[in-house]
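Numbering (this note's numbering), first residue to last: 1 to 142.
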């Protein structure tokens, strides 16, 4: 639980660039937040760097994940608690990570619609590409 007096600090970690800079809100602002949530779940890292008064986009969770993907350092990205036993599950988790990154595109025109994001995630689910820890979480929420 988050203390009501501190909720604005925690929620700052999920602010999209357009909201943080100009106070603009749109459906794609929600897509950004969803992308941050995906990255947080897959990496096990809270995007606390947004809470730093000296915030630098180069040290953001989004930038860090994108850099690790480009450098093919996936072993450093995934949460150590995830069970990524099979090749298909690793591929599925990598694709989920890419979906999260696409949700966190800086430019609104490039950022996908939430409907498109959900369709991509459903395709991963249909192909049974999720790691067991994600599937177990889904069952617990039902």
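By construction, the Cβ of each residue, glycine as well, lies at the ideal position given by its N, Cα and C atoms. Bear in mind that the values here come from a model prediction, so they are computed numbers and not experimental data.
Please work out which residues of its chain come closer than 7 Å, Cβ to Cβ, to residue i, disregarding the five sequence neighbours upstream and downstream, and give them in chain order.
i           : result
residue 139 : Because the pLDDT at residue 139 is just 36, under 50, the model does not fix this residue reliably, and the value given afterwards should be weighed accordingly. Excluding positions up to five away in sequence, the list is empty.
residue 19  : 25 and 29
residue 42  : 78, 79, 93, 96, 97 and 100
Please go through the same chain and pick out, in chain order, the residues whose beta-carbon is closer than 6 Å to the beta-carbon of residue i, but skip the five residues on each side of it.
i           : result
residue 28  : 108 and 111
residue 105 : 111
residue 62  : 104
residue 35  : 100, 103 and 104
residue 134 : Legend: pLDDT at residue 134 = 46, less than 50; position of this residue unreliable, no value from coordinates given.
residue 17  : 106
residue 44  : 79
Count the other CB atoms within 10 Å of the CB of residue i; is the residue buried (16 or more) or exposed (fewer)?
i           : result
residue 26  : exposed
residue 46  : exposed
residue 118 : exposed
residue 70  : exposed
Rounded to the nearest angstrom, what separates residue i and residue j at their Cα positions?
i           : j           : result
residue 100 : residue 30  : 12 Å
residue 79  : residue 24  : 32 Å
residue 39  : residue 22  : 24 Å
residue 33  : residue 66  : 16 Å
residue 102 : residue 87  : 22 Å
residue 37  : residue 14  : 8 Å
residue 127 : residue 114 : 20 Å
residue 60  : residue 116 : 25 Å
To which residues of the same chain is residue i closer than 8 Å at the C-beta, ignoring the five residues directly before and after it?
i           : result
residue 68  : 74, 76 and 77
residue 84  : 78, 90, 93 and 131
residue 121 : 96 and 99
Which complete alpha helix (DSSP H) runs does the stretch 13 to 91 hold, if anything under 4 residues is left out? Fully enclosed alpha helix (DSSP H) runs of 4 or longer: 17 to 22, 27 to 43 and 61 to 70.
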